[in-house]
Every structure is written in C-alpha cells, then in structure tokens.
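First up is the structure itself, then whatever we jot down about it.
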Amino acid sequence: MMNILLLAPHPFYQDRGTPIAVNLVLKVLSERGDTIDVLTFHEGKDVDYPHVRIYRIPAWPFLRNIRPGFSWKKLVCDGLLCAKMIVLLCKKRYHLIHAVEESAFLALVVKWIARIPYLYDMDSSLAQQMIEKYPPLTCLSKAFMICERRVVQAAAVVMPVCEALVTRIKPYYPAKIMLLEDVPLLGEPTDSFLMAKEDLKAPGIRILYVGNFEAYQGIDLLLDSFALALREVSQISLFVVGGENDDRSFYQNKVAKLGIEQNVHFLGPRPLDQLASYLSQADILVSPRIKGNNTPMKLYSYLASGKAILATNLLTHTQVINSQVAMLADPKPEPFAEGMLQLINDRDLRSTLGLAAQKLVEEKYSFPAFRMKLNAAYDHLRETIQQPSGSS
1 MMNILLLAPH
11 PFYQDRGTPI
21 AVNLVLKVLS
31 ERGDTIDVLT
41 FHEGKDVDYP
51 HVRIYRIPAW
61 PFLRNIRPGF
71 SWKKLVCDGL
81 LCAKMIVLLC
91 KKRYHLIHAV
101 EESAFLALVV
111 KWIARIPYLY
121 DMDSSLAQQM
131 IEKYPPLTCL
141 SKAFMICERR
151 VVQAAAVVMP
161 VCEALVTRIK
171 PYYPAKIMLL
181 EDVPLLGEPT
191 DSFLMAKEDL
201 KAPGIRILYV
211 GNFEAYQGID
221 LLLDSFALAL
231 REVSQISLFV
241 VGGENDDRSF
251 YQNKVAKLGI
261 EQNVHFLGPR
271 PLDQLASYLS
281 QADILVSPRI
291 KGNNTPMKLY
301 SYLASGKAIL
311 ATNLLTHTQV
321 INSQVAMLAD
331 PKPEPFAEGM
341 LQLINDRDLR
351 STLGLAAQKL
361 VEEKYSFPAF
371 RMKLNAAYDH
381 LRETIQQPSG
391 SS
C-alpha cells in the first residue's frame, strides 16, 4: 500500500475544469486501496471517498472567490499550500506526490530534498499560459521553458491531458509519458430536466454555451458571431450557462450594445449533475475557444450528448475532433457565424454530426478507458517505487 500526497492548487471541490478532473482521479485512486491525502485550497466542498482525507489551507478573509488562472490571490494560496505541505511531510512518510498543475514545482523541490518521486498531472503548459495571458512576459519565455523542462524531466511520470501537451514535452525527454484525456461528465438527465426545458424555452434553434468567461474561452467571438447570424435568421436564441456575476454583467452590457439582448440569455452557473439536462435541450453546442492547446473538458460532454457542435478550428479542438463529427470554423466572427448558419439551416447535418460525435466518444473517451489508463500509470509507479519497510 502506498501513501500518496495529492496537491490540488485550486478550490476543491467545485464544478469547473481542473477540480472535476481531480475528482475523477480520486474516484479511481480510492478503489486501489492506497491512502490518499489531498492538500487543496480553503474554498470548495468536501468529497467522500474511501482512503481519502482532505486537508485545506487557512481561510484568510481576503482570499475569496479564487478564479481559474494566475492571480495574486492564487499566488498567496500557493504559498500557504507550500507551508501546509511542509507540515504534512514532517508528520507522515509519503511514497509518492501526485502534483496537479503548478504544484509540480513544489513536488520538484520535495524530490530534491526528501527523494519522494512525483507524478506531474499536466492540464496545460504553464509557460505557454503565462505568455498568452501576459504578452509583456514574452521576454521571459526561455526562462519559463527551462523551468518547465526541469519539472517535466524530474517527474517519475508526466500525465498530460491532451496530445498537444505530449508533443510539447517530448523534446524534454521525460522518464515516462502517459496520456490521460478527460471524459464526458453526463449521467442520465435528472429531475432538473423540466427546469432546463423551461430555461431554454424559445422558438426556433437553441444554441448553448457552457463554461467560464475567461478571455481564452472566446465569449466575445461567440457574441459577435451570433449577432452576425441573427441578421440572417431571426428565430434563434443563444443560452449561456456559467460565469461569475461580474462577468455576466460585463457581457450583458456588450449584448445590449450589439442590440441582441432579446435573443441572448445568461443563465448563470448550474450544478454538474444538471449538465445532461441542459445539453439535451439544445440544438447546437458551441466551443469558441481562441487560445490554449489543451482540450476544453466540456467538449467530451458535448460529444456524448449527440448534439451538433460548432467549435473553432484550432488545435485545442482538432486534436480530438474533425469535420466528420463537428462544424469547425476559423476563430473570427464572419467564418464562425457562417458555420453557425450552416448548422442552423441544415437539420440533417446537425443530426449526422451529432451521431458521429457520440460514436467517437463511446469508442475513445469513456470512463472505463480513463480508469484503465490511470491505473496503468499507478501500476507502473508501484513497480518503480521502492517502499521502505515499516512506513506509516
């Protein structure tokens, strides 16, 4: 039996990308019989799995509403996570650290000092992310890549979430790469079905976006494209699920300026267990992401829903989907609106793409496949880690 310290540098649990992925990891690891201590931020709700215990950093009053991406709040939380990690390492002997995202840099230091190996759970390239979000930092790109190379090379296993990350880290010659894609998050539609039906009640074609409103998600592109499509077809509605209050207010103002407020509806966040109900009510699902190479988690649920998908023709999407299963359009308002109109005006095309998407996800991106890949990574680690006798 192994003692595993899982570092999750984000609010956990919350219904958003990385926390959802970590929850799936815990679901599988808890079945193995190993002991898992999860160290995470103060925000979020506890989850209950066998052999899993959750530790949190202190809840300081000014550290609230920790959002995705880099921020000064997250930097402070990472510092508190480091301090709490040291306390845990002094109290207990761990055989392995499962390090999510930037916590891999903490795990690297621990490996240098305490010789504890780590698995790097890589959801994105932090070096690429920093430069895309803060272009003035381009002058530091070489330094960022050196840091990224170090943390990848020192990991016992690197577990990227998509092929683009595999391609990026191969030149670093890591010890072992094990690709672990995300999976659909759809259960059976619950009693929220009627609420979703009412929320998405509108004449004509219903277009749905699910996700946060970070700049890389392309909400501006989506709204500008929808405004163009609305000039051609009046009986269409756009529904947006997700977003913080401030973000929704900002985009509601934009919608008003575009003169499309009668056709755009911001529904706010919805629980993950209602996702299937909302997707089932849409005619077209959109993923207008404009930056980043990691595949958005929602794409797998979109595929499983059997609905037609409109996505930007960028690597973030095309490493998973192609024109046989989705409508792909360049990330500019005119071509994206054109793709939208093609789907709006062709019911048979929507049906054909939706069925092909379902087939793809069933063949390649099921939860049993996720479990098998993660277990293979941990079986490899168990074989390579020499456990000291009498460890606690």
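Numbering follows the numbering used here, with no gaps: position 95 of the sequence shown is 95.
Idealized CB from N, CA, C, for every residue including glycine.
Nearest to residue i by alpha carbon, out of the options?
i      : options                           : result
Val320 : Glu338, Leu81, Glu181 and Ser71   : Glu181
Gly204 : Asn212, Lys364 and Asp346         : Asp346
Glu363 : Cys147, Ala155 and Val183         : Val183
Leu108 : Leu374, His42, Arg149 and Arg32   : Arg149
Gln252 : Lys307, Phe213 and Ser280         : Phe213
His344 : Arg231, Leu165, Val38 and Tyr173  : What sits at residue 344 in the sequence shown is Ile, not His. Of the listed residues, the one whose Cα sits closest to Ile344 is Arg231.
Ser301 : Tyr209, Gln235, Ser124 and Ala154 : Tyr209
Ser393 : Ala308, His317 and Ala376         : Look at the range of the chain in this structure, 1 to 392, and you will see that residue 393 is not part of it.
Met372 : Arg168, Val28 and Asp15           : Val28
Ala282 : Met297, Leu89, Val241 and Ser124  : Val241
His380 : Ile177, Leu88 and Cys147          : Ile177
Gln153 : Ala175, Ser280, His317 and Ala229 : Ala175
Leu374 : Pro61, Arg32 and Lys254           : Arg32
Val110 : Val151, His10, Ser124 and Asp247  : Val151
Pro171 : Met145, Leu179 and Ser192         : Met145
Span of the beta strand (DSSP E) holding residue i?
i      : result
Gly268 : Val264 to Gly268
Val161 : That residue, Val161, is in no beta strand (DSSP E); it is neither H nor E in DSSP.
His98  : Leu96 to Val100
Ser237 : Ile236 to Val241
Val393 : Here the chain covers residues 1 to 392 and nothing more, so residue 393 does not appear.
Ala155 : Here Ala155 belongs to no beta strand (DSSP E), and DSSP marks it neither H nor E.
Leu5   : Asn3 to Ala8
Leu208 : Ile205 to Val210
Thr138 : Where Thr138 is concerned, there is no enclosing beta strand (DSSP E), given that its DSSP letter is neither H nor E.
Do residue j and residue i have their beta-carbon atoms positioned less than 8 angstroms apart in this structure?
i      : j      : result
Phe239 : Leu303 : no
Phe250 : Pro288 : no
Ala143 : Tyr118 : no
Leu5   : Ile97  : yes
Leu63  : Lys73  : yes
Leu185 : Leu275 : yes
Ala196 : Ser323 : no
Ile131 : Gly218 : no
Ser71  : Leu7   : no
Asp37  : Leu89  : no
Leu299 : His317 : yes
Ser305 : Leu279 : yes
Pro269 : Gly211 : no
Gly44  : Pro11  : yes
In terms of residue numbering, what span does the alpha helix (DSSP H) encompassing residue i cover?
i      : result
Leu299 : Lys298 to Ser305
Met85  : Trp72 to Lys91
Ala308 : Taken as a continuous stretch (DSSP letters only), Ala308 belongs to no alpha helix (DSSP H), being part of the beta strand (DSSP E) at Ala308 to Thr312.
Val109 : Ser103 to Ala114
Ile20  : Gly17 to Leu29
Met327 : Run containing Met327: none in the alpha helix (DSSP H); it sits in the beta strand (DSSP E), Met327 to Ala329.
Ile344 : Pro333 to Asn345
Arg248 : Asn245 to Leu258
Met195 : Phe193 to Asp199
Asp220 : Ile219 to Glu232
Tyr278 : Leu275 to Ser280
Tyr378 : Phe367 to Thr384
Met178 : Run containing Met178: none; DSSP gives neither H nor E here.
Thr318 : Leu315 to Thr318
Taking just the CA atoms, how far does residue j sit from residue i?
i      : j      : result
Gly390 : Arg93  : Residue placement at Gly390 cannot be trusted, given a pLDDT of 44 that sits under 50; the coordinates are not used to answer.
Ala202 : Glu261 : 14 angstroms
Leu407 : Asn23  : Since the displayed the chain opens at 1 and closes at 392, residue 407 lies outside it and no answer follows.
Asn3   : Ala311 : 42 angstroms
Phe266 : Ile207 : 12 angstroms
Arg382 : Val157 : 12 angstroms
Asp34  : His51  : 7 angstroms
Leu353 : Ser237 : 20 angstroms
Pro388 : Ala114 : Because Pro388 carries a pLDDT of 47, less than 50, the predicted location of this residue cannot be relied on, and no value is offered for it.
Asp78  : Leu126 : 14 angstroms
Pro160 : Leu314 : 18 angstroms
Ile284 : Glu244 : 23 angstroms
Gly17  : Asn293 : 15 angstroms
Leu360 : Val325 : 8 angstroms
Met122 : Glu101 : 5 angstroms
Tyr13  : Cys162 : 23 angstroms
Ala215 : Ile66  : 16 angstroms
Phe367 : Gly259 : 43 angstroms
Ala21  : Glu338 : 33 angstroms
Thr40  : Val47  : 12 angstroms
Phe370 : His42  : 28 angstroms
Val76  : Tyr134 : 19 angstroms
Met356 : Leu349 : With the sequence shown as reference, residue 356 is identified as Ala, and Met is not the correct amino acid for it. About 11 angstroms.
Trp60  : Gln235 : 49 angstroms
Ile385 : Trp112 : 16 angstroms
Cβ pair count under 8 angstroms reaching 3, the region 221 to 230 against the region 325 to 335: At 8 angstroms Cβ cutoff, the stretches touch.
Three-pair Cβ contact test at 8 angstroms for the region 77 to 88 versus the region 49 to 67: yes
Stretch-stretch touch, CB-based, cutoff 8 angstroms, three pairs: the region 134 to 143 with the region 111 to 126: No, they do not touch.
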